[in-house]
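Quick note, the numbering used here runs 158 ahead of the 1-based positions in the sequence shown.
Every residue, glycine too, gets a C-beta built ideally from N, C-alpha and C.
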Amino acid sequence: MYMKTTHHISVTVDPVFLEDQSLPLDKHYVWAYSVWIKNQSAETVQIIKRTWRITDAHGVVHEITGEGVVGEKPWIAPGATYHYASGTPLSTPSGMMEGTYHIKTKSGKHFDVLIPAFSLDSPYETASVH
C-alpha cells in the first residue's frame, strides 16, 4: 500500500494486477486499485475533481482529468473515510500512477491533495538488475 497526507487528508492506494483481464500477447495489461481518502481535518471536504498522471514502462505519460471520482463528488466529514475502487489498462507490463484530488471545503476554500505515486507491476515485466 502507498500513502500520502496533504492538508490533513490522507490518501492510501492499493494496486493489484488483474491477470484474468490482461492479454500479454496483445500488450494489454490491467490493474485495479482501491483508494481510501481519510479526512483528518476539522472541516467537511468535497472531492470536486481529480487529475491522474499514468506513466507506462516506456516513459509515456497520459494525463486524465475529470469531475469527482467514479462518477461521484463525495463529501467527507471530519474523521470519516471515503473508499472507492477503479482500474487502468496499460500497453506495457509495468508503469506508475500518481495524481491530485482538487478539494473544496464547506466554507468555500479550495486546495489540492496529492495522491501518492504507486507502482503498477505485473509478472510479465522482464527488468534486469545491472
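CB-CB under 8 angstroms to residue i, same chain, minus the five flanking residues each way: which ones, in chain order?
i	result
residue 284	251
residue 231	204, 205, 206, 225
residue 261	165, 167, 203, 204, 205, 206, 268, 269, 270, 271
residue 161	168, 169, 170, 171, 274
In chain order, what residues of the same chain have a beta carbon less than 7 angstroms from the beta carbon of residue i, not counting five sequence neighbours either side?
i	result
residue 238	197
Beta carbon of residue i, beta carbon of residue j: below 8 angstroms?
i	j	result
residue 171	residue 187	no
residue 193	residue 174	no
residue 257	residue 211	yes
residue 289	residue 189	Outside the shown range of the chain (159 to 288) lies residue 289, about which nothing can therefore be said.
Once you ignore the five residues that flank residue i on each side, which residues in its own chain have a CB closer than 6 angstroms to its CB?
i	result
residue 249	185
residue 227	205, 208, 242
Across which residues does DSSP place residue i in a beta bridge pair?
i	result
residue 272	258
residue 162	169
residue 253	214, 278
residue 263	203
Can you tell me whether residue i sits near the ligand GTP, meaning its C-beta is under 7 angstroms from at least one heavy atom of the ligand?
i	result
residue 251	Absence of the ligand GTP from the depicted structure is noted, as is the absence of any ligand whatsoever, leaving it without description.
*Indicate whether the contact test is met: 3 or more Cβ pairs, each with one atom in the region 217–234 and one in the region 266–277, closer than 8 angstroms.*
Touching, no, given that fewer than three Cβ pairs across the two stretches are closer than 8 angstroms.
_Uninterrupted beta strand (DSSP E) stretches inside the region 178–247 (no shorter than 3 residues)_ = Entirely contained in the region 178–247, the beta strand (DSSP E) runs reaching 3 residues are, in chain order, 187–197, 203–214, 219–225.
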